[in-house]
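Data block below; observations after.
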Amino acid sequence: MSQYDHIQQSAYLANMQLPKLGLVLFTFGNVSAADRSLGMFAIKPSGVPYEDLSPAKMVIVDFDGKTVQGTLRPSSDTQTHAVLYKQWTNIGCIVHTHSVYATAWAQSLRSIPVFGTTHADHTTVDIPCAPPMRDEMISGNYEYETGFQIINELKDKGLSYEEIEMILVGNHAPFTWGKTPEKAVYNSAVLESIAQMALLTEQINANAPRLKATLIKKHFERKHGPDSYYGQ
Ligand SMILES: [Zn+2]
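With positions in the sequence shown counted from 1, the corresponding number in the numbering used here is that position plus 2.
Below, the structure is given as structure tokens:
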């Protein structure tokens, strides 16, 4: 027993959801779960196949990216997770995948337009795509800078991380987050579905219009507003 058992367990369970939901291939992707009072998070070890994972293999890292417990190397994206936990004080979990449709939009360097009510139920804006990193950021601490690439894109667009819990990193792939592991994993699956629908929408009608402002507002508010009543 250690004081980190609970975050190792939740990080393990959340990681195991990714292959089940069809969001990862081989060892792609990683989930971390944080305990804010301890100032620590548990994250998937690097390069270990999902079927060989166990709660005890989750590596414990602090918000400065320093490993404090674990014999395996933490995920290569650990510094990105650490930056986001440090800067965004209200998140409890981060998910990174290379899910096919969301990654295809990221590689196309395009934000995902809000075409329909599925998208609007979750967020009122286009899913942002952060522009590719500048060369000096790439040659510096790449994973650490990826965290700032995400933070800066939301800042530039005037968005709060509590309003929108998903982003595409240009040329790379999506990151999602949430207060709980359940919500952050849910956001990854929802993003993948929205990305697939948006691609098909543009294939069927290259001039498909964005959802009307009145419908965006209606759908978001019925799920998130003070008088929310949504539930399917
Ligand atoms: Zn990646």
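All residues carry an ideal CB built from backbone N, CA and C; glycine is no exception. Just so we're clear, the structure is a prediction, and the values are computed from it rather than from any experiment.
message: My assumption, with CB atoms under 8 Å, is that alanine 175 sits in contact with threonine 105. Please give the rounded CB distance.
response: Rounded to whole angstroms, the Cβ separation of alanine 175 and threonine 105 is 4 Å, and the two are in contact under 8 Å.
message: For ligand 1, is there any heavy atom lying closer than 6 Å to the beta carbon of alanine 13?
response: Checking every heavy atom of ligand 1 against the Cβ of alanine 13, none is found closer than 6 Å.
- prompt: Does the Cβ-Cβ distance between serine 113 and isoleucine 129 come in under 7 Å?
  reply: Contact flag set, yes.
message: With three or more beta-carbon pairs closer than 8 Å as the criterion, would you say the stretch 43–54 touches the stretch 204–215?
response: Verdict: no, contact absent.
Start and end residues, beta strand (DSSP E) containing alanine 210: Segment: none, alanine 210 is in no beta strand (DSSP E) and carries neither H nor E.
message: Just to confirm before moving on: does the CB-CB distance between histidine 124 and asparagine 32 stay below 7 Å?
response: No, Cβ-Cβ distance for histidine 124 and asparagine 32 is not below 7 Å.
task: Would you check whether ligand 1 has a heavy atom nearer than 6 Å to the C-beta of alanine 106?
output: No, the beta carbon of alanine 106 sits no closer than 6 Å to any heavy atom of ligand 1.
- request: Note down the Cα distance separating cysteine 131 from leucine 170, rounded to an integer number of angstroms.
  value: When the Cα atoms are used, cysteine 131 and leucine 170 turn out to be separated by approximately 4 Å.
message: Can you tell me whether isoleucine 290 is buried or exposed? The criterion is at least 16 other CB atoms within 10 Å of its CB, across all chains shown.
response: The shown model of the chain, from 3 to 234, leaves out residue 290, and the question about it has no answer.
query: Using the C-alpha atoms, what's the distance from proline 115 back to lysine 159?
result: Taking C-alpha positions only, lysine 159 is separated from proline 115 by approximately 14 Å.
Assumed close pair leucine 217, alanine 122 - CB separation to whole angstroms, cut-off 8 Å: About 7 Å separates the beta carbon of leucine 217 from that of alanine 122, a gap short enough to meet the 8 Å contact definition.
query: Where do the ends of the alpha helix (DSSP H) carrying threonine 126 lie?
result: That residue, threonine 126, is in no alpha helix (DSSP H); it is neither H nor E in DSSP.
message: Per DSSP, what are the beta-bridge partners of proline 47 in this structure?
response: Bridge partners of proline 47: Pro76.
message: Using 8 Å for Cβ pairs, my map puts alanine 191 next to leucine 25. What's the rounded Cβ distance?
response: That pair is a contact at about 7 Å.
message: Can you list, in chain order, the residues of its chain with a C-beta nearer than 6 Å to that of leucine 2? Leave out the 5 residues immediately preceding and following it.
response: The question about residue 2 has no answer here: the residues shown for the chain are numbered 3 through 234.
- prompt: Hey, would you say the C-beta of valine 132 is under 6 Å away from at least one heavy atom of ligand 1?
  reply: Residue identity check: residue 132 is alanine in the sequence provided, not valine. Flag unset: Cβ of alanine 132 not near ligand 1.
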